[in-house]
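K.L.:
The opening position of the sequence shown corresponds to residue 1 in my numbering, with each subsequent residue numbered one higher.
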Amino acid sequence: MTAYPSIKTFLHLVLACFAFVIAAVSVSATAAVNPGGEISYDINVHIDPVTRMIEGQSIINVTRPRELNIVLGQQFEVTQALIDGHPLGRSRRWSNQSHAWQIPYDLLPQRQIEIHWRGKLSALDATLDHEQTLDRPIPVSGEAGTFLSTGSGWYPRIVGGLARYEVKLSLPSGQRGLVAGRLLEESESEQGYQAHFEFPFPAEGITLMAGPYEIETDVFIGVKGESIQLRTYFHPQLSGLSRDYIEAVKRYLKLYELWIGSYPFTEFSVVSSPTPTGFGMPTLTYLGINVLQLPFIRDTSLGHEVLHNWWGNGVYPDYRSGNWSEGLTTFMADYAYKEQEGSEAAREMRLGWLRDFAALEPGQDAPLSAFTSRTHGASKIVGYNKSAMFFFMLRDHLGEAVFNQSLQGLWKTQRFKVTSWQHLQQMFEIVSGQNLQPFFTQWLDRAGAPAIIITAVENTQTDSGYALSVTLEQSSPTYQLSVPVAIESEEGTEIHQLDLQQNQQTFTLAVQSKPISVTLDPDLRLFRQLAPGEAPPILREVMVNPTTKTILLSENCEVRHIAETLAGRLQRREPKTVSASKQLSTAPTLVIGLQHEIDAWLEAKNLSPRPEVVSEKGSAQAWTLAHSNGASLAIISAQDAASLEALIRPLPHYGRQSYIVFEGRQAMDRGTWPMRVQRVRVE
Ligand SMILES: [Zn+2]
1 MTAYPSIKTF LHLVLACFAF VIAAVSVSAT AAVNPGGEIS YDINVHIDPV TRMIEGQSII
61 NVTRPRELNI VLGQQFEVTQ ALIDGHPLGR SRRWSNQSHA WQIPYDLLPQ RQIEIHWRGK
121 LSALDATLDH EQTLDRPIPV SGEAGTFLST GSGWYPRIVG GLARYEVKLS LPSGQRGLVA
181 GRLLEESESE QGYQAHFEFP FPAEGITLMA GPYEIETDVF IGVKGESIQL RTYFHPQLSG
241 LSRDYIEAVK RYLKLYELWI GSYPFTEFSV VSSPTPTGFG MPTLTYLGIN VLQLPFIRDT
301 SLGHEVLHNW WGNGVYPDYR SGNWSEGLTT FMADYAYKEQ EGSEAAREMR LGWLRDFAAL
361 EPGQDAPLSA FTSRTHGASK IVGYNKSAMF FFMLRDHLGE AVFNQSLQGL WKTQRFKVTS
421 WQHLQQMFEI VSGQNLQPFF TQWLDRAGAP AIIITAVENT QTDSGYALSV TLEQSSPTYQ
481 LSVPVAIESE EGTEIHQLDL QQNQQTFTLA VQSKPISVTL DPDLRLFRQL APGEAPPILR
541 EVMVNPTTKT ILLSENCEVR HIAETLAGRL QRREPKTVSA SKQLSTAPTL VIGLQHEIDA
601 WLEAKNLSPR PEVVSEKGSA QAWTLAHSNG ASLAIISAQD AASLEALIRP LPHYGRQSYI
661 VFEGRQAMDR GTWPMRVQRV RVE
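(1) Going along the chain, which unbroken runs of the alpha helix (DSSP H) with 4 or more residues stay wholly within the region 323-388?
(2) Label His-86 either buried or exposed according to how many other C-beta atoms from any shown protein chain fall within 10 Å of its C-beta, with 16 as the threshold for buried.
(3) Which residue comes first and which comes last in the alpha helix (DSSP H) that contains Met-427?
(4) Given the structure, does Glu-326 come close to ligand 1, in the sense that its CB is under 6 Å from one of the ligand's heavy atoms?
(5) Hey, would you say the C-beta of Thr-329 is under 6 Å away from at least one heavy atom of ligand 1?
(6) Helix or strand or just coil, what does DSSP make of Ser-406?
(7) Using DSSP's beta-bridge definition, name the partner residues of Arg-111.
(8) Give a yes or no on whether the C-beta atoms belonging to Glu-488 and Ser-513 are separated by under 7 Å.
(9) At what residue ranges does the region 468-550 contain a whole run of the alpha helix (DSSP H), taking only runs of 4 or more?
(10) Helix, strand or coil for Asn-69? Go by DSSP, reduced to three states.
(11) What does the alpha-carbon distance come out to for the pair Phe-201 and Ser-262?
(12) Counting Cβ pairs closer than 8 Å, one from the region 649-659 and one from the region 531-543, do we hit at least three?
(13) At the level of alpha carbons, what is the spacing between Val-483 and Ala-531?
(14) How many angstroms separate the CA atom of Tyr-479 from the CA atom of Ile-636?
(15) Could you give the DSSP three-state label for Met-668: helix, strand or coil?
(16) Straight-line CA distance for Met-675 to Glu-534?
(17) Taking all protein chains shown into account, decide if Val-27 is buried (16 or more other Cβ within 10 angstroms of its Cβ) or exposed.
(18) Tell me whether Thr-565 sits in a helix, a strand or coil according to DSSP, three-state version.
(19) Just verifying my parser: in three-state terms, what is the DSSP assignment at Asn-459?
(20) Check whether the Cβ atoms of Thr-548 and Leu-590 sit closer than 7 Å, and answer yes or no.
(21) Considering only DSSP beta bridges, list what His-86 is partnered with.
(22) Return the residue from the list Arg-92, Gly-142 and Asp-106 that minimises the CA-CA distance to Ile-54.
(23) For the region 232-239 against the region 187-203, are there 3 or more C-beta pairs whose distance is under 8 Å?
(24) Who does Pro-317 pair with in a DSSP beta bridge?
(25) When the cut-off is 7 Å and only beta carbons count, does Leu-284 lie next to chain B?
(26) For Asn-290, does the count of other Cβ atoms within 10 angstroms reach 16, so buried, or fall short, so exposed?
(27) Could you say which of Thr-150, Ile-60, Thr-146 and Ile-138 lies nearest to Gln-110 if we only look at CA atoms?
(28) For Met-668, count neighbouring Cβ atoms within 10 angstroms of its own Cβ and tell me buried if that reaches 16, exposed if not.
(29) Taking three-plus beta-carbon pairs below 8 Å as touching, is the region 408-419 in contact with the region 302-318?
(30) Suppose you measure from the CA of Thr-455 to the CA of Lys-617; what does that come to, to the nearest Å?
(31) Run the CB neighbour count on Ile-217, radius 10 Å, all protein chains shown included, and call it buried at 16 or more, exposed below.
(32) Determine the closest residue to Thr-372 out of Thr-413, Gly-312 and Glu-348, with distance taken between C-alpha atoms.
(33) Inspect the CB distances between the region 175-193 and the region 60-77 and report whether three or more fall short of 8 Å.
(34) Identify the residues that DSSP records as bridge partners of Phe-265: which are they?
(35) With burial defined as no fewer than 16 other Cβ atoms inside 10 Å of the residue's Cβ, what is the status of Gln-386: buried or exposed?
(36) Report the rounded CA-to-CA distance for Val-159 versus Arg-118, giving the unit in angstroms.
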């Protein structure tokens, strides 16, 4: 089990999931509208995970004339390649090249290509993490698991086109496997396992998984009375979890069928992976063994992956105009579960999104329409979080009923079609009867977010009560915003929506009883740049900001070396070190040292001493503080070299914290400094 990274990696992973097909074939997906043809594959494949040999035959039918580019991975040998019964010709010059056939446009109404291939799959490397698995699209096999992704070139594939398929899979006894789709037939004997699948919708590719699985099955009756086959394909050590997963899938299917519309497929399976991945594909999710063992996965990631059968694998995003499916899925899964928990939990999640966004440098931000899939931390903050907040604001703007009807309309009209942000806009406009162009344009096409502040508050007594004038200012370029402000009076608190369209505007509000204070967007319902005092500093800032400076306090060689490694791991680059004696710049600064060195340095720099929550606790501590010049600092303090070294692995996973205390590698206590809302007292 030492092959697996610590549990913290998985906490990180939970946030990192996405629809696999999207990532694996983004190249073909850009051209995925099937410009000129219907494609179908009929594949027969035998895999032996012990010898790692694969042998396959594929018949590809194309029923509308088009130019065809067919590719197959370089490790395979082609034993037969025919088009309409004639030789297809050479596919490569050298044996270390991938196979590629180019078939020019031809007017023939139907073409049939037959390719037989065989070869050795790469060895499964269970030490890879999620991102490494993504980075290496190679077909891997071993007794613990086989994973052949679309992008790995495991079957001869026509580039740039959606395709239907049938796959007949055969494996040695003890192994079981699947591809996305409907299971038509399955048999098992001493000779081995055989299964026949069909995917009758246009799909972006075929991913095959196998392993020493134990299968449990159940049936869910959907809203239209249709049967949906539920299965777990689990490694033997997970068999005790099957029931819980199946029950959780049933809950999610019910939730989303009622919310959006009927489930588009005939099955859903939860499949375990020997590597710590988290992928969603149509009809299934493929999650690492260790991930599946985490109790909260059933309550969060699983629902997210089930929902991708509607958004992502049911309605396909159009990459040319940006991927909306991660944001909508995050909003209707991860965020929706927080709303079910309560308004406080939901607000906390929105605060997290805004805080993460505030920790970005302007250059790291990009418009939402430029997000295609998750490539690094910064793009996720936009592609998942800002996008989810976009849908949250849209629901606020339209009301829940219209918002939900629009989603249901989208589902009815766009199923299995490549769908752009513009299609979404049109649907929301048709259902609401509103022009949403300004709303979509300002949130999708601009990077950044508006910064809004209260610049003046004046109160005058009138005959009927009070006239309270509130002046708001927003940064350029201006947004059209409905800004919630809370007016606190002796009678209680009332929320007013102020329509802010210009850089500066004054609003006069009639208030019955004497106002006490005005608070800007206390519930965090707007995607905005938090003011410096508003956003509590978190550790992530020194991790993602490319201008971050690092100060290594220790003179001791060993400690210094460990500190440097830790800084490099946190920043994912060579740290830029500056001298401890230099004056602090306005750039974010990471300071690492032993406890006594840290305390002495804080005092010498006239900075606040170690906060109480991290004092005299654990073997190492990290916390953030804001310098009076506006720069944010992150301090890492350890009692000795070993305690510092123990942070190298876990600490990078705690970017969202303002402070954290470790005992060895174990996080004992952590949290964020409270947010300070913009509140102005009425004189
Ligand atoms: Zn996702």
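Glycine included, every Cβ here is placed at the ideal spot set by N, Cα and C.
P.N.:
Walking through what the data contain:
(1) 325-330, 336-341, 343-358 and 377-380
(2) exposed
(3) 421-432
(4) yes
(5) yes
(6) helix
(7) Val-62
(8) no
(9) 540-544
(10) strand
(11) 16 Å
(12) yes
(13) 15 Å
(14) 39 Å
(15) strand
(16) 6 Å
(17) A caution first: Val-27 carries a pLDDT of 28, below 50, which makes its placement in the model unreliable, though a value can still be read off. Exposed.
(18) helix
(19) strand
(20) yes
(21) Ile-83
(22) Gly-142
(23) no
(24) Thr-419
(25) You won't find chain B in this structure, because it holds only one protein chain.
(26) buried
(27) Ile-60
(28) exposed
(29) yes
(30) 42 Å
(31) Sequence inspection shows Thr at residue 217; the Ile mentioned does not correspond to that position. That one is exposed.
(32) Gly-312
(33) no
(34) The partner list for Phe-265 (beta bridge, DSSP) is empty, contrary to what the question assumes.
(35) Strictly speaking, residue 386 in this sequence is Lys, with Gln absent from that position. Classification of Lys-386: buried, given that the 10 Å Cβ count is 16 or more.
(36) 20 Å
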